[in-house]
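*Asks:* Numbering of the sequence shown is given in the UniProt record's numbering, commencing with residue 1 and proceeding in unit increments.
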Amino acid sequence: MSESTERPSTTVLLLGSGDTGPELALAFERLGVAAVRVDECADADAMTALLDEHQPDYVVAVSHEVSPAVLIAAAERESVEVFPTPRATRLGADREGLRKLAGDELGLPTVPFWFASSAEELAAVADHAGFPLVVTPLFGTVTDGQSVVTRADDVDAAWQLAAAALPTPPNRVMAETVVEVDEEVTLLTVRTTEPSGPAVQFCEPIGYRRSDGQPLETWQPQRLSLAALDAARSIAARIVHSLGGRGVFAVELAVHGDEVYFTTVDAQPSDVGLVTLRSQRLSQYELHARAILGLSLDTIMISPAAARTGARRDVPAGALKEALEVPESDVRLLATTSAAIATAPDVVRARDRAHRVSAVVHGLGS
């Protein structure tokens, strides 16, 4: 009997490296979709060649390395749907454009912000706004080149640090007023298309804490007041509908009492959302795949959970045995990340269990 050469009914092309690609490929494959992973796609010509070779139904960017130009080239082919939308990808890499969309066009609550193209302009902003100020490069990861300016003498150093983190000129930074914040929250928001039009569903809020040199700590749910939760969902829905497309959007928010400020949005699964591998019936990767394919989904949380994620490291068998002796614990070794995850009847105990697992997995003291 000869081997079948029949093309799979549905094919998705996943662009970009990192942890999301392998996890998302599994989510698609479990739904009967052929997933083709491509770590690099240099330009529009390379994209055209990939489309001709694989003839995908969907092209999905899974990392920030994928340029909007590549996605635009894919979107020009009528038979292909592209996610995130090229517009969402472009704005996700442009803090100035995204903040102007949120604050100026949509009227979302944000902390006061300004932009500067030189140390002199930054000094003028500081003189007008006062101190302290958070200074952030407009491109690259949030933490690279970011600093807090507390006095006029710090302005030049902050400018130099931010400028050094930018990949190419022109140098430009964002300065924000420091406001009192109780919690930093990620609200995973799933945008779908229903017969009646676009719709969104929300996961339970995820709290997180980032510290230099330490694993990222996340937990779900992060309790918010009803007023804050309503505000968070309203903000998330408005920014996600503006960006368009289908899938999971990680909307980052700052919360102080009942007040909620928009921070940023990522139009794809995020490192903060790794906790959903254990906390939800459908993980962020399964939600993303289902939304893109137009399938039914739910955002049901099945247990409070916590996770601590850091740079990937191999875990010796003895250490793995010790880590998994913690009740309701799990260890995930992804492409670039090691994740210690635990569930419990409440978030406090889940965080404690994840911390104990992480102490073994990431080689840190308790």
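Beta carbons are placed, not taken as given, at the ideal position from N, Cα and C, and that holds for glycine.
#1: Which partner residues of E105 appear in the DSSP bridge assignment?
#2: Mark E176 as exposed unless 16 or more other C-beta atoms lie within 10 angstroms of its C-beta, in which case mark it buried.
#3: Just to confirm the assignment, what range does the beta strand (DSSP E) spanning L187 have?
#4: Where does H256 land, buried or exposed, given buried means 16+ other C-beta within 10 angstroms?
#5: Assuming H362 contacts S338 (C-beta within less than 8 angstroms), just tell me the rounded distance between them.
#6: A254: which of D144, A42, S63, D182 sits nearest, CA to CA?
#7: Given a cut-off of 8 angstroms, decide if A306 and T218 are closer than it, judged by their beta-carbon atoms.
#8: Checking 8 angstroms against the spacing of the C-beta atoms, do A291 and G247 come in under that value?
#9: Please name the residue in E286, L287, V240 whose C-alpha comes closest to that of A88.
#10: Per the DSSP calculation, V59 is bridged to which residue(s)?
#11: Is L138 helix, strand or coil when you go by DSSP?
#12: Quick check: the Cα distance between Q160 and R95, rounded to an integer number of angstroms?
#13: Which residue comes first and which comes last in the alpha helix (DSSP H) that contains I72?
#14: If you drop the 5 nearest sequence neighbours on each side, which residues of the same chain put their C-beta closer than 7 angstroms to that of S63?
#15: Is it buried or exposed, L226, if we count other Cβ atoms within 10 angstroms and call 16 or more buried?
#16: According to DSSP, is A42 helix, strand or coil?
#17: Could you pull out every residue in the same chain whose Cβ sits closer than 6 angstroms to the Cβ of Y261, ignoring the five residues on either side in sequence?
#18: Decide yes or no for the touch test of the stretch 61-81 against the stretch 201-217: beta carbon pairs closer than 8 angstroms, at least 3 of them.
#19: Quick check on P327: buried or exposed, where buried means 16 or more other Cβ atoms within 10 Å of its Cβ?
#20: Quick check on DSSP: helix, strand or coil for D144?
#21: Assign G365 to one of two classes, buried (16 or more other C-beta atoms within 10 Å of its C-beta) or exposed (fewer than that).
#22: Hey, how far is the Cα of residue 374 from the Cα of S358?
#23: Output yes or no for whether 8 angstroms exceeds the beta carbon distance between S283 and M301.
#24: Would you kindly work out how many angstroms separate the C-alpha atoms of V275 and E120, rounded to a whole number?
#25: Any chance the stretch 152-159 sits against the stretch 114-129, with 3 or more Cβ pairs inside 8 angstroms?
#26: Quickly, what does DSSP pair A116 with across the bridge? List them, please.
#27: To the nearest angstrom, how far is the alpha carbon of V360 from that of V70?
#28: Per DSSP, what kind of secondary structure is I300 in: helix, strand or coil?
#29: Under three-state DSSP, which class holds R312?
#30: Give a yes or no on whether the C-beta atoms belonging to F113 and G103 are separated by under 8 angstroms.
#31: Note down, in chain order, each residue of its chain lying with its Cβ closer than 6 angstroms to the Cβ of T85, except the 5 sequence neighbours on either side.
#32: What is the C-beta distance between P205 and A232, in whole angstroms, given that I count them as a contact (C-beta under 8 angstroms)?
#33: Is the Cβ of E65 closer than 8 angstroms to any Cβ of chain D?
#34: For V256, list the residues DSSP reports as bridge partners.
#35: Checking 8 angstroms against the spacing of the C-beta atoms, do V347 and P221 come in under that value?
#36: Express the C-alpha separation of F249 and L106 in angstroms, rounding to a whole number.
*Replies:* So, from the data block:
#1: Per DSSP, none; premise fails for E105.
#2: The residue is buried, with at least 16 neighbouring Cβ atoms inside 10 Å.
#3: Element bounds for L187: 183-194.
#4: Exposed is the call here.
#5: Contact holds; Cβ gap of about 6 angstroms.
#6: Between A254 and the set D144, A42, S63, D182, the nearest pair of CA atoms involves D182.
#7: Yes.
#8: Cβ distance < 8 angstroms, so A291 and G247 count as in contact.
#9: Minimum Cα distance to A88 is reached at V240.
#10: In the DSSP assignment, V59 forms a beta bridge with L13, V82.
#11: Assigned with DSSP and collapsed to three states, L138 falls in coil, not helix or strand.
#12: Straight-line Cα distance between these residues: approximately 18 angstroms.
#13: From DSSP, the alpha helix (DSSP H) with I72 extends over 68-75.
#14: Taken in chain order, the residues that qualify are G16, S17, G18, T20.
#15: Looking at its Cβ environment, which holds fewer than 16 other Cβ atoms inside 10 Å, L226 is exposed.
#16: Taken through DSSP and simplified to helix, strand or coil, A42 comes out as coil.
#17: Hits under 6 angstroms: P109, T110, V111, A254.
#18: No, because fewer than three Cβ pairs between the stretch 61-81 and the stretch 201-217 fall closer than 8 angstroms, the two stretches do not touch.
#19: P327 should be labelled exposed.
#20: In this structure, D144 counts as coil in the three-state DSSP scheme.
#21: Caution applies to G365, whose pLDDT of 49 falls short of 50 and renders its modelled position unreliable; the model cannot decide the point.
#22: One cannot answer for residue 374 here, as it falls past the ends of the chain, which runs 1 to 366.
#23: Contact: no.
#24: The straight-line gap from Cα to Cα measures roughly 43 angstroms.
#25: Taking 8 angstroms as the limit for Cβ pairs, the verdict is that the stretch 114-129 does touch the stretch 152-159.
#26: Bridge partners of A116: V173.
#27: It is roughly 41 angstroms from the alpha-carbon of V360 to the alpha-carbon of V70.
#28: Coil, per DSSP.
#29: Looking at R312 - three-state DSSP - the assignment turns out to be coil, as it is neither helix nor strand.
#30: Yes, these two residues count as a Cβ contact at 8 angstroms.
#31: Closer than 6 angstroms at the Cβ level, and outside the excluded window around T85, lie G244, G245.
#32: With a Cβ gap of about 7 angstroms, P205 and A232 count as contacting.
#33: In the displayed structure, chain D is absent; only one protein chain is listed.
#34: According to the sequence provided, residue 256 is His. The question's Val does not apply to it. H256 pairs with E259.
#35: Cβ distance < 8 angstroms, so V347 and P221 count as in contact.
#36: Rounded to the nearest whole angstrom, the CA to CA distance from L106 to F249 is 17 angstroms.
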